[in-house]
Structure formats: C-alpha cells, structure tokens
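Worksheet for the structure shown next.
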Amino acid sequence: MSRRKALAVTLAAAGGMLGGRIAMAASPPVIGSADLRGGLNAGSEGLAPGVANDQGRKLASIIAKAAGSNQPVFLPPGTYNIANMNLPDGTRLHGVSGATRLVYGGGGHLFRADGARRIEMSNLVLDGAGRGLGENAAAIVHMRNVGDVIIDNCEILGSAKTGIQLERCGGRIDRCRIADAADYALLAIESNGLAITNNTVTDCGNGGILVHRWTKGPDGTLVSGNRITGTRATNGGTGKYGNAINIYRADNVQVTGNHIARSAFSAIRSNAGSNVQIAGNQCLASGETAIYSEFGFEGAIVNGNVVDGAANGISIVNFNEGGRLATVSGNVVRNLSLTAPYEQSDTFFGLGISVEADTAVSGNVIENAPRFGLLLGWGPYLRNVVVTGNVVRQAKTGCAVSVAEGAGSAVITNNLFAQVPGGGVIGYRWHDVASRELALEAAGFPQLTVMGNRVV
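Numbering of the sequence shown is given in the working numbering, commencing with residue 982 and proceeding in unit increments.
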C-alpha cells in the first residue's frame, strides 16, 4: 500500500469514528493569490517598487484590467510614485498594511473617482508628501457619486488640502489613520448611509471629521469609535474651523463613542443638524465649547458624555435661529475656563451647560464652572425648559435663568448646588443680575417653577 493510500484509509476510518465529520486544518492564505480569489498581483504585471518615475499609468492599466473582470489588485510591499489616478468602477486595490506606500508625485491629484458603483482600498499608505494638489483636486482621495466606497486600514498622510473628500457617496471609512492634512482629515458631503468608524485622526489644520450637506436634509452618517487629537484652526475665525467633529445641515447623524482631545474649538459641533445623537463621547481639553448643537435644528440627544476642560461644556442654543427640542442627560462636565480662542463682549465663557428651548436637562454633574453651572435662556430666548436632578459643584453661580422681557417658562426642581458663592438659582436680564436667590421659590416670576433644590 502506498503512503498516500494509507493516509486516505486512515482519514476515512477517523471520519467513521467521528460520524463522518473530519476537522481539516485550513491552508494558510497566500497574499496576492488565494486570498484575492484570482486577483492580479501588480508585481507580476510589471509594476515595481522603488522606481523614481511616476508609475500612475502602469497602475491604472492594471486596475482597469482587473476591474473589467471584477478582480482585485494586490500591490506588494514597497514605495510607488503615483499621480493622477482615475479609478474605474469595480476598483479593488489592496496592499500590505504599513508596507505598501503610494507617494503622490504632484502635478494634479492622487486618487479620484466619479460615478462608480463600488470602489475598495485596503492596507495602503497614501502619502501626499505635502505636495500641492491641482485646482480640481480637493483631497488625496477625492470621490464623487460613488455608491459604495470602502477604505479600510489605510493611512492617509501629508495632504496639502484634505485627506479624504467624499461627495454624494455611501460606504464606510474604517480603521484608517489620517494625519497632517493641511485642511480636514475627512470631509463627507451629501452622504448616503456612510459609516466613519474606528479611525485615528491627528494634527489636521482646520478640522477632523466633517459631515456636511449643501442643502439641509436627511444624511444618516454614523461617526463612531474614532480617536481625534490635535485639531487646529489654521484659518482662524470663531468656530467654523478647528472642530474635531463637525455636523452641518446633516440630519439623523449619530456621533457616538469617540475619544477627542485638544481641539482648537469644539470637540463636537452640530450646526443645523436635526435629530442628531451625541452620546458616550470623551471630550478633553477643548479650546471653546466642547459639545454644540446650534442654529436651525429640531431634535438633539446629548447624553452620557464626559467633558473635561473647555471654555464651555455643552450648549444647546440659537433658539432665535430655530434651534430647539433636546435632551441633555447623564453627562459629566468639569474644569471649565473663562478664556477661549477669541473675545466677544456679548459671549459668556466658563459655563457648564446652556440651553434655550423645549429642552430637558437631567442627571448631569457639573464641577468647576467659573461663571455658571447652568445657563437657561438668553434674553427673551427661553421656552419650556425643565432642569431636574442635576448636581452643580464649585460654580460661581449654580443656575442662571433668563427673566428678561419675553422670556418663557422654566421648571427648576430637585437640583443640588454646592459651593456656589453667587447663589444657587439667580435670575438674569441679559448680562445683569435681576433677582435674589430663587433656589426654593421664584416669587415675582410666575413663568418659573423653582422648588425642591438644595444649596450647600
């Protein structure tokens, strides 16, 4: 009996003993062949690393050949000088994590796609090398009208503009590292079911992850599990730039479980984003307001966040521009500051939580607010606010509530105010104190219900 036949007999016997089921060890995948299911190895197709000349045309030819038959392309480890790549539908470009490096050679753009159904890239380092992009290239990776963009486990470095810009795209950007972009790490405009998850963003010039729309409407992007540090505001201003996560006109967006530190302005800033959910984020050392929901929104949930270090903690404001309808619950807000990146005579800093209209504020803990722990309304812009079950400790004033002409109703009950030398609950007309202590009873202000609070 031959050795092969003896092995077959042995396996057959073992199969009988195990009821005909044999656990076979899987063969290890071979990178660039078996794991790519018949894909093309760019090295075998004549693309070599370490060549000084631009190899964009050669790579484009290989990708086109593979995309035509729905095959992936594998790029072996090494450095490739590439420019002006227009990706066709069905592009599937894969490398070796941290070892396959595509360096932009200048003269236009690196990767662009328009009108494709599906584009995939994984395990690549895309290095802009700080070289200037052409007038029509907004980013190292610039895609328009792509139904399903998948960029996974890639590094996008050194863009002279933005790292990734997507316009009217769906898909996911996952496990990527985006660093040293002159403008934004990632700008997604008019998205459709996009997920931006588990990425690391560092040291970008004007913003981190931006979810915008040209016109206000449903967007549904998920921004979750990202780590964002060192967001600057190179272009200056009072908040348009310098935000780690920025939502603009995009409705139904979830911002959850992100770790954000050292943003020049806000850790999370939602401008005119209705039905936004901001939950479970850590916001550390923000330069201005850590969490914002502002201007022309209806519906915001801000819960379970940690804010440690900011000029203001959480602001749900701009009722004068239609900003309304929110819950603010279960947040820890601490270590606030009277200083911010700019000065304005009509702007307060050193606030824990500020709200204006149709909002419930409950179960929050605020500590070390040098001006107000809570600010309810501004001038006449106060309507239907309920504040209950909060703890405010070490604030100049525990809760400031607007009693200016035209201000609406507020209910302030069962809160604990400790170490508040300026009072527990104090009425304000704009910047000016307008009442005595109101913590137990709001005599003279029938629009306010104030009871069950404790000042210690």
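Glycine included, each C-beta is placed from N, C-alpha and C at the ideal position. Keep in mind the model is a prediction, meaning the values are calculated, not measured.
(message) So, at 7 Å on beta carbons, what are the nonlocal neighbours of Asp-1133 in its own chain, with the 5 sequence-adjacent residues on each side left out?
(response) Ser-1103, Asp-1155 and Arg-1156, listed in sequence order.
(message) Here's a check: name, in chain order, each residue in its chain whose Cβ is nearer than 7 Å to the Cβ of Arg-1410, leaving out the five neighbours to either side.
(response) Val-1384 and Ala-1385.
(message) For Asp-1161, tell me which candidate among Ala-1064, Asn-1187 and Leu-1147 has the shortest Cα-Cα distance.
(response) For Asp-1161, the nearest C-alpha among the options comes from Asn-1187.
(message) I need the boundaries of the beta strand (DSSP E) containing Ser-1172, first residue and last residue.
(response) Where Ser-1172 is concerned, there is no enclosing beta strand (DSSP E), because DSSP gives it neither an H nor an E.
(request) Measure how close the beta-carbons of Ala-1120 and Gly-1144 come, nearest whole angstrom, since I'm counting them as under 8 Å. (result) With 8 Å as the limit, Ala-1120 and Gly-1144 qualify as a contact, their Cβ atoms being about 6 Å apart.
(request) Specify the secondary structure class of Ala-1045 as computed by DSSP and reduced to three states. (result) Three-state result, Ala-1045: helix.
(request) Starting from the Cα of Val-1130, find the closest Cα among Gly-1151, Val-1366 and Pro-1322 and give me that residue. (result) Here the closest residue by C-alpha is Gly-1151.
(message) Counting C-beta neighbours from all protein chains within 10 Å, is the total for Thr-1340 16 or more, i.e. buried, or is it exposed?
(response) Thr-1340 comes out buried.
(message) Below 8 Å on the Cβ atoms is my contact criterion, and I expect Asn-1345 with Val-1314 to pass it. Report the Cβ-Cβ distance as a whole number of Å.
(response) With a Cβ gap of about 7 Å, Asn-1345 and Val-1314 count as contacting.
(request) Look up Phe-1300 in the DSSP assignment and give the residues it is bridged to. (result) DSSP lists no partner for Phe-1300.
(message) Helix, strand or coil, according to DSSP, for Arg-1230 in the structure here?
(response) Under the three-state reduction of DSSP, Arg-1230 is assigned to strand.
(request) Figure out for me which residue from Ala-1166, Ala-1281, Pro-1069 and Gly-1076 has the closest Cα to the Cα of Asn-1126. (result) Ranking Ala-1166, Ala-1281, Pro-1069 and Gly-1076 by Cα distance to Asn-1126 puts Pro-1069 first.
(message) Here's the rule I'm using: 16 or more other beta-carbon atoms within 10 Å means buried, otherwise exposed. How should Ala-1376 be labelled?
(response) Classification of Ala-1376: buried, given that the 10 Å Cβ count is 16 or more.
(request) Buried or exposed for Arg-1374, please, with buried defined as at least 16 other CB atoms from any protein chain shown within 10 angstroms of its CB. (result) Buried: at least 16 other Cβ atoms inside 10 Å.
(message) Give me the residue from Gly-1268, Ile-1177 and Glu-1337 with the minimum Cα distance to Tyr-1323.
(response) When each option's Cα is compared against that of Tyr-1323, the closest is Gly-1268.
(message) Report the start-end ranges of each alpha helix (DSSP H) in the segment 1310-1346 that is 4 residues or longer and not cut off at the edges.
(response) Counting whole runs of 4 or more residues, the segment 1310-1346 contains no alpha helix (DSSP H) stretch at all.
(request) Using the DSSP secondary-structure output, state which residues sit across from Ser-1244 in a beta bridge. (result) DSSP lists no bridge partner for Ser-1244.
(message) Please report the straight-line C-alpha distance between Ser-1326 and Ala-1214, rounded to a whole angstrom.
(response) When rounded, the distance between both Cα atoms is 22 Å.
(message) Looking at the strands, I want to know which residues DSSP matches up with Gly-1089.
(response) Answer is Leu-1114, bridged to Gly-1089.
(request) Inspect the beta-carbon positions of Ala-1381 and Leu-1356 and report whether they are closer than 8 Å. (result) For Ala-1381 and Leu-1356, yes; Cβs fall inside 8 Å.
(request) Pick out whichever of Arg-1230, Arg-1243 and Gln-1258 has its Cα sitting closest to the Cα of Ser-1205. (result) The residue with the shortest Cα to Cα distance from Ser-1205 is Gln-1258.
(request) Given a cut-off of 8 Å, decide if Ala-1225 and Ser-1274 are closer than it, judged by their beta-carbon atoms. (result) Against a cut-off of 8 Å, the Cβ pair of Ala-1225 and Ser-1274 comes out as no contact.
(request) For Gly-1354, write down the residues that DSSP places opposite it in a beta bridge. (result) None; Gly-1354 has no bridge partner.
(request) Determine the burial state of Ile-1003: buried for a count of at least 16 other Cβ atoms within 10 Å of its Cβ, exposed for fewer. (result) The predicted model places Ile-1003 with a pLDDT of 31, which falls under 50 and marks its position as unreliable, so this point remains unresolved.
(message) Since Ser-1440 and Ala-1271 should fall inside the 8 Å C-beta cutoff, what is the C-beta to C-beta distance between them, to a whole number of angstroms?
(response) As displayed, the chain neither begins before 982 nor continues past 1437, which places residue 1440 out of reach and without an answer.
(request) Specify the secondary structure class of Arg-1410 as computed by DSSP and reduced to three states. (result) Three-state DSSP puts Arg-1410 in a strand.
(request) Take every Cβ of the segment 1191-1199, pair it with every Cβ of the segment 1237-1246, and state whether three or more of those distances are shorter than 8 Å. (result) Between the segment 1191-1199 and the segment 1237-1246 there are fewer than three inter-stretch CB-CB distances shorter than 8 Å, so the stretches are not counted as touching.
(message) Whole angstroms are fine: how far does the CA of Gly-1128 sit from the CA of Arg-1098?
(response) One C-alpha to the other measures close to 5 Å.
(request) Tell me whether Leu-1306 sits in a helix, a strand or coil according to DSSP, three-state version. (result) Leu-1306 falls in the strand class under three-state DSSP.
(request) Compute the Euclidean distance between the alpha carbons of Ala-1047 and Pro-1053, then round it to the nearest angstrom. (result) Note on geometry: alpha-carbon atoms of Ala-1047 and Pro-1053 lie some 6 Å from one another.
(message) So, under 8 Å CB-CB, Thr-1212 and Gly-1198 are touching, yes? Tell me the CB distance rounded to an integer number of Å.
(response) Thr-1212 to Gly-1198, Cβ: 26 Å. No contact.
(request) Please go through the segment 1147-1196 and give each complete beta strand (DSSP E) segment of 3 or more residues, from N-terminal end onward. (result) Scanning the segment 1147-1196 for uninterrupted beta strand (DSSP E) segments of 3 residues or longer gives 1152-1155, 1158-1160, 1165-1170, 1175-1178 and 1181-1183, listed from N- to C-terminal end.
(request) Return yes when the C-beta of Ala-1160 is under 7 Å from any heavy atom of the ligand ZN, and no when it is not. (result) In terms of ligand content, the structure shown is empty, and the ligand ZN therefore cannot be addressed.
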